[in-house]
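Undergrad:
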Amino acid sequence: MLRAIIVDDEALSVKLLKNLLSESNVIEISQTFLSSLEAYEYVKANPVDVAFLDISMPGINGMGLSILLHNLDPSIDVVFVTAYDDYAVRAFDLSALDYIMKPVDPQRLSKTLCKIRNKHRNEAGGAGYWRGPTAPEGEVSLAAGGPDLENSLLRLISSGLAKLGMSNENKKSFSKAGLRDDALVEPLTSRETDILYALSNGLSNKEIADRFGITEATVKSHVFRIYGKLGVKRRVQAIAMARDLKFIE
Numbered sequence: 030m031l032r033a034i035i036v037d038d039e040a041l042s043v044k045l046l047k048n049l050l051s052e053s054n055v056i057e058i059s060q061t062f063l064s065s066l067e068a069y070e071y072v073k074a075n076p077v078d079v080a081f082l083d084i085s086m087p088g089i090n091g092m093g094l095s096i097l098l099h100n101l102d103p104s105i106d107v108v109f110v111t112a113y114d115d116y117a118v119r120a121f122d123l124s125a126l127d128y129i130m131k132p133v134d135p136q137r138l139s140k141t142l143c144k145i146r147n148k149h150r151n152e153a154g155g156a157g158y159w160r161g162p163t164a165p166e167g168e169v170s171l172a173a174g175g176p177d178l179e180n181s182l183l184r185l186i187s188s189g190l191a192k193l194g195m196s197n198e199n200k201k202s203f204s205k206a207g208l209r210d211d212a213l214v215e216p217l218t219s220r221e222t223d224i225l226y227a228l229s230n231g232l233s234n235k236e237i238a239d240r241f242g243i244t245e246a247t248v249k250s251h252v253f254r255i256y257g258k259l260g261v262k263r264r265v266q267a268i269a270m271a272r273d274l275k276f277i278e
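To convert, count from 1 in the sequence shown and add 29; that's this note's numbering.
#1: Judging by CA-CA distance, which residue of Ile-224, Asn-48 and Arg-263 is the nearest neighbour of Pro-135?
#2: If you follow the beta strand (DSSP E) that Glu-57 is in, where does it begin and where does it stop?
#3: Counting along the chain, where does the beta strand (DSSP E) carrying Asp-106 start and finish?
#4: Kindly indicate which three-state DSSP category Leu-232 falls into: helix, strand or coil?
#5: Per DSSP, which residues does Met-130 bridge with? Please list them.
#6: Is it buried or exposed for Val-248, if we count other Cβ within 10 angstroms and need 16 for buried?
#7: Quick test of the definition: if touching needs 3 or more C-beta pairs under 8 Å, does the region 229-236 touch the region 37-57?
#8: Can you give me the Cβ contacts of Pro-87 inside the same chain, cut-off strictly under 7 Å, excluding the 5 residues immediately before and after it?
#9: Between the C-alpha atoms of Val-79 and Leu-31, what's the straight-line distance to the nearest angstrom?
#10: Is Leu-142 near Val-55, with beta carbons less than 8 Å apart?
#11: Does DSSP put Ile-243 in a helix, in a strand, or in coil?
#12: Should Lys-262 be labelled buried (16 or more other beta-carbon atoms within 10 Å of its own) or exposed?
#13: Starting from Ala-238, follow its DSSP beta bridges and name the residues at the other end.
#14: Between Lys-140 and Ala-112, which are expected to be in contact by the criterion C-beta below 8 Å, what is the C-beta distance as a whole number of angstroms?
#15: In the DSSP assignment, find the beta strand (DSSP E) that holds Asp-83 and state where it starts and stops.
#16: Does Arg-254 come out as helix, strand or coil in the three-state DSSP assignment?
#17: Measuring CA to CA, which of Val-107, Leu-45 and Leu-225 is closest to Val-265?
#18: Would you decide whether Lys-73 is buried or exposed? Buried here means 16 or more other CB atoms lie within 10 Å of its CB.
#19: Got a sec, what are the start and stop residues for the alpha helix (DSSP H) Arg-264 sits in?
#20: May I have the straight-line CA-CA distance separating Leu-46 from Ala-267, to the nearest angstrom?
#21: Considering only the beta carbon of each residue, do Leu-94 and Leu-82 sit closer than 8 Å?
#22: Taking Arg-33 and Ser-65 to be in contact with their CB atoms under 8 Å, please state how far apart those CB atoms are, rounded to whole angstroms.
#23: In chain order, what residues of the same chain have a beta carbon less than 6 Å from the beta carbon of Phe-241, not counting five sequence neighbours either side?
As structure tokens, then:
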């Protein structure tokens, strides 16, 4: 089975997508995350085949995370999940395997799953199986592909929606009300960039304050905002993430 992760800062969105994928004998959800940083740290230590990434997240968004994952392992397939179709073109610019619009449509998701299955079947040179309660004897062969496969996947996904008490017609969108900038992370100001560079050189808050002629309290305020934009909690994490994103050398 292909090992997959789901990354979305909205817990209900994670629950929905995990439920829709739970019947698969092709996709196994290894872990779910509410932040890009947590997912990034996990993938550093654990092999992953497919990543379902929400695009609009605080700190490092899904597009930024996709680049980080590609740097760790170029073979990881990325499927973006977004409420905004404006992101679709850029998603493919980042070599995503596919994208899914929120609220997740079972028929569209079935096509994505077929695409994942076909890609990995071709790479492995073999066939897989999709297991589910609506399939004959609980199992559908994936070797044949085509409309029959998509219909089988659609039935399984619809079953997943039913488990949440949701139908294809009335399922609820868990998307955010606001649209974030499509940068990989919220842009740092020039002063924040200077301070981040100083942090990477091992300077203390007092040394940074002396260098730039500001108070330590102002330095701490800048550092706090840097942490928020990068989605981290500690100085060492901020420095490591900034280097991974090529903000600093």
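C-beta atoms are modelled at their ideal positions from N, C-alpha and C, and glycine is treated no differently. No experiment lies behind these values; they were computed from the predicted model shown.
TA: The relevant details are as follows:
#1: If you number the sequence shown from 1, residue 135 lands on position 106. For Pro-135, the closest C-alpha among the options Ile-224, Asn-48 and Arg-263 is that of Asn-48.
#2: Taking the first residue of the sequence shown as position 1, residue 57 is located at position 28. Counting along the chain, the unbroken beta strand (DSSP E) around Glu-57 starts and ends at 56-62.
#3: The residue given as residue 106 occupies position 77 in the sequence shown. Unbroken beta strand (DSSP E) run through Asp-106: 106-111.
#4: Within the sequence shown, residue 232 is the residue found at index 203, counting from 1. Reduced to three states, the DSSP call for Leu-232 is coil.
#5: If you number the sequence shown from 1, residue 130 lands on position 101. In the DSSP output, where bridge partners are listed per residue, Met-130 has Thr-111.
#6: Looking up residue 248 in the sequence shown gives position 219. Classification of Val-248: buried, given that the 10 Å Cβ count is 16 or more.
#7: No contact exists between the region 229-236 and the region 37-57.
#8: Within the sequence shown, residue 87 is the residue found at index 58, counting from 1. Taken in chain order, the residues that qualify are Asp-38 and Gly-260.
#9: Here residue 79 refers to the residue found at position 50 of the sequence shown. Here residue 31 refers to the residue found at position 2 of the sequence shown. Cα to Cα, Val-79 sits roughly 7 Å from Leu-31.
#10: Walking along the sequence shown from the start, residue 142 turns up at place 113. Walking along the sequence shown from the start, residue 55 turns up at place 26. Taking 8 Å as the Cβ cut-off, Leu-142 and Val-55 qualify as a contacting pair.
#11: Start at 1 with the first residue of the sequence shown, and residue 243 comes out as number 214. Coil.
#12: On the sequence shown, position 233 is the one that residue 262 refers to. Its Cβ having fewer than 16 others within 10 Å, Lys-262 is exposed.
#13: Sequence index remark: in the sequence shown, residue 238 carries index 209 (1-based). Answer by DSSP bridge pairing: none, since Ala-238 is not bridged.
#14: On the sequence shown, residue 140 is found 111 positions in, with the first residue counted as 1. On the sequence shown, residue 112 is found 83 positions in, with the first residue counted as 1. Taking C-beta atoms under 8 Å as the contact rule, Lys-140 and Ala-112 fail to qualify, at a distance of about 19 Å.
#15: As a working mapping, residue 83 is identified with position 54 in the sequence shown. That run of the beta strand (DSSP E) goes 79-83.
#16: Here residue 254 is taken as the residue at index 225 of the sequence shown, counted from 1. Helix, per DSSP.
#17: One-based indexing of the sequence shown puts residue 265 at position 236. Among Val-107, Leu-45 and Leu-225, the Cα nearest to that of Val-265 belongs to Leu-225.
#18: Numbered from 1 along the sequence shown, position 44 holds the residue referred to as residue 73. Per the 10 Å Cβ criterion, exposed.
#19: Your numbering for residue 264 matches position 235 in the sequence shown. That run of the alpha helix (DSSP H) goes 264-273.
#20: To locate residue 46, count along the sequence shown from 1; it is residue 17. To locate residue 267, count along the sequence shown from 1; it is residue 238. Distance between the alpha carbons of Leu-46 and Ala-267 is about 30 Å.
#21: One-based indexing of the sequence shown puts residue 94 at position 65. One-based indexing of the sequence shown puts residue 82 at position 53. Cβ distance < 8 Å, so Leu-94 and Leu-82 count as in contact.
#22: For the purposes of this step, residue 33 is taken as residue 4 along the sequence shown, with counting starting at 1. For the purposes of this step, residue 65 is taken as residue 36 along the sequence shown, with counting starting at 1. The question names Arg, but residue 33 is Ala in the sequence shown. Their Cβ separation, rounded to whole angstroms, is 16 Å, which puts Ala-33 and Ser-65 out of contact at 8 Å.
#23: Here residue 241 corresponds to residue number 212 of the sequence shown, with the count starting at 1. No residues qualify anywhere along the chain.
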